[in-house]
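Residue numbers (the numbering used here): 6 to 332.
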């Protein structure tokens with residue numbers, strides 16, 4: 006829709022002014038379409054006596070030709086065509102291009118604006134991708150105001166300024182060697198060609214219609230140099246790497262270094278609780294030794310005149326019993 010402050014202008018009919026309200030882009034479904042039907046608009050006008058009058062305005066029926074053999078769209082309304090090359094995914098064999106054209110009215114198709122785009126990619130060793138190779142992003146109205154009408158003689162009657170864009174994706178052609186340089190295709194006569202290229206996330210405008218592709222060098226000698234360098238790096242890392250820590254076996258049933266009545270009692274109780282002895286006779290004998298230690302050292306009934314227990318002999322006996330059971 007047009008802007009509300011768009012001013013009407015006169016045309017070759019005395020007493021009448023022309024003002025555009027909207028610019029409609031339509032596409033025929035098939036070749037059977039031959040007429041654009043009328044559009045009825047009810048307009049309210051002030052009659053000068055504090056009243057208003059509603060006048061129905063009907064647009065004329067416009068005959069059109071929607072066949073495939075119709076006259077091609079003119080190129081003289083096209084302003085510029087921007088070609089932006091995207092080789093950031095070239096390592097995976099994909100080369101892309103974004104094409105943006107602007108001009109007056111309905112812009113012609115890509116083959117008419119950039120007639121040699123397929124040949125340009127084929128000469129560089131690429132063919133159109135099978136999936137999403139060509140995407141037509143459609144036509145958009147970008148501008149329609151007084152300045153456009155006054156500055157361009159082609160804008161009478163009202164013709165809006167539009168833009169149309171395409172997204173191209175190409176894959177490597179195994180039958181053709183890939184060129185290091187890409188030559189941008191030419192555009193239609195009367196249009197300005199602007200060549201650009203992606204550099205990481207930036208877009209750079211090129212001085213010449215030639216772009217250098219970021220190809221991976223597949224020279225066999227250089228490939229061997231890379232392999233040898235990686236192998237040398239691996240050996241250096243392996244030589245200077247800290248040796249792996251040795252696993253030290255821990256004796257779970259080692260006799261306490263400082264053997265006392267308390268440490269011996271805890272040692273015997275731990276053997277009893279974890280049930281490491283096989284056979285009920287050994288278990289009963291172990292409990293008798295535990296009881297003897299408790300009575301001797303931790304009971305009020307302890308006989309001071311009795312011969313003291315040999316703590317180390319008791320601990321060594323049960324250490325040997327555990328080793329013999331496990332072997």
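We put the CB at the ideal spot given by N, CA and C, even for glycine. Everything numeric in this text was worked out from a predicted model, so none of it was measured.
Residue i (DSSP reduced to helix, strand or coil)
{"i": "residue 293", "result": "helix"}
{"i": "residue 325", "result": "helix"}
{"i": "residue 212", "result": "coil"}
{"i": "residue 231", "result": "helix"}
{"i": "residue 275", "result": "helix"}
{"i": "residue 43", "result": "coil"}
{"i": "residue 34", "result": "coil"}
{"i": "residue 27", "result": "coil"}
{"i": "residue 239", "result": "helix"}
{"i": "residue 281", "result": "coil"}
{"i": "residue 116", "result": "helix"}
{"i": "residue 10", "result": "coil"}
{"i": "residue 85", "result": "strand"}
{"i": "residue 319", "result": "helix"}
{"i": "residue 225", "result": "In this prediction, residue 225 has a pLDDT of 46, which is less than 50 and means its spatial position is unreliable; nothing more can be read from the coordinates."}
{"i": "residue 96", "result": "helix"}
{"i": "residue 244", "result": "helix"}
{"i": "residue 66", "result": "coil"}
{"i": "residue 298", "result": "helix"}
{"i": "residue 144", "result": "strand"}
{"i": "residue 124", "result": "helix"}
{"i": "residue 314", "result": "coil"}
{"i": "residue 264", "result": "coil"}
{"i": "residue 256", "result": "coil"}
Sheet register partners of residue i (DSSP bridge)
{"i": "residue 132", "result": "176"}
{"i": "residue 139", "result": "173"}
{"i": "residue 57", "result": "51"}
{"i": "residue 71", "result": "Bridge partners of residue 71: none, in fact."}
{"i": "residue 188", "result": "215"}
{"i": "residue 90", "result": "102, 202"}
{"i": "residue 286", "result": "Answer by DSSP bridge pairing: none, since residue 286 is not bridged."}
{"i": "residue 197", "result": "85"}
{"i": "residue 207", "result": "204"}
Residue i and residue j closer than 9 Å at C-beta
{"i": "residue 41", "j": "residue 60", "result": "no"}
{"i": "residue 187", "j": "residue 165", "result": "no"}
{"i": "residue 64", "j": "residue 100", "result": "no"}
{"i": "residue 133", "j": "residue 174", "result": "yes"}
{"i": "residue 13", "j": "residue 23", "result": "yes"}
{"i": "residue 194", "j": "residue 171", "result": "no"}
{"i": "residue 108", "j": "residue 143", "result": "no"}
{"i": "residue 48", "j": "residue 29", "result": "no"}
{"i": "residue 190", "j": "residue 124", "result": "yes"}
{"i": "residue 282", "j": "residue 276", "result": "yes"}
{"i": "residue 104", "j": "residue 118", "result": "yes"}
{"i": "residue 287", "j": "residue 301", "result": "no"}
{"i": "residue 209", "j": "residue 86", "result": "no"}
{"i": "residue 203", "j": "residue 88", "result": "no"}
{"i": "residue 33", "j": "residue 98", "result": "no"}
{"i": "residue 183", "j": "residue 167", "result": "no"}
Buried versus exposed, by CB contacts within 10 Å (16 or more), residue i
{"i": "residue 19", "result": "exposed"}
{"i": "residue 46", "result": "exposed"}
{"i": "residue 235", "result": "exposed"}
{"i": "residue 181", "result": "exposed"}
{"i": "residue 273", "result": "buried"}
{"i": "residue 126", "result": "buried"}
{"i": "residue 1", "result": "Because the chain spans 6 through 332 in this model, residue 1 falls outside it and cannot be assessed."}
{"i": "residue 131", "result": "buried"}
{"i": "residue 92", "result": "buried"}
{"i": "residue 279", "result": "exposed"}
{"i": "residue 44", "result": "exposed"}
{"i": "residue 319", "result": "buried"}
{"i": "residue 148", "result": "exposed"}
{"i": "residue 54", "result": "exposed"}
{"i": "residue 325", "result": "exposed"}
{"i": "residue 225", "result": "In this prediction, residue 225 scores a pLDDT of 46, lower than 50, which makes its location untrustworthy; the coordinate-derived value is nonetheless stated afterwards. With fewer than 16 other Cβ atoms within 10 Å, it is exposed."}
{"i": "residue 122", "result": "buried"}
Does the region 100-115 come close enough to the region 62-71 that 3 or more CB-CB pairs lie under 8 Å?
-> no
Are the region 195-213 and the region 133-145 touching by the rule of at least three beta carbon pairs closer than 8 Å?
-> Contact fails: fewer than three Cβ-Cβ distances are below 8 Å.
Would you check if the region 288-308 and the region 255-262 touch, i.e. whether three or more CB-CB distances between them fall below 8 Å?
-> no
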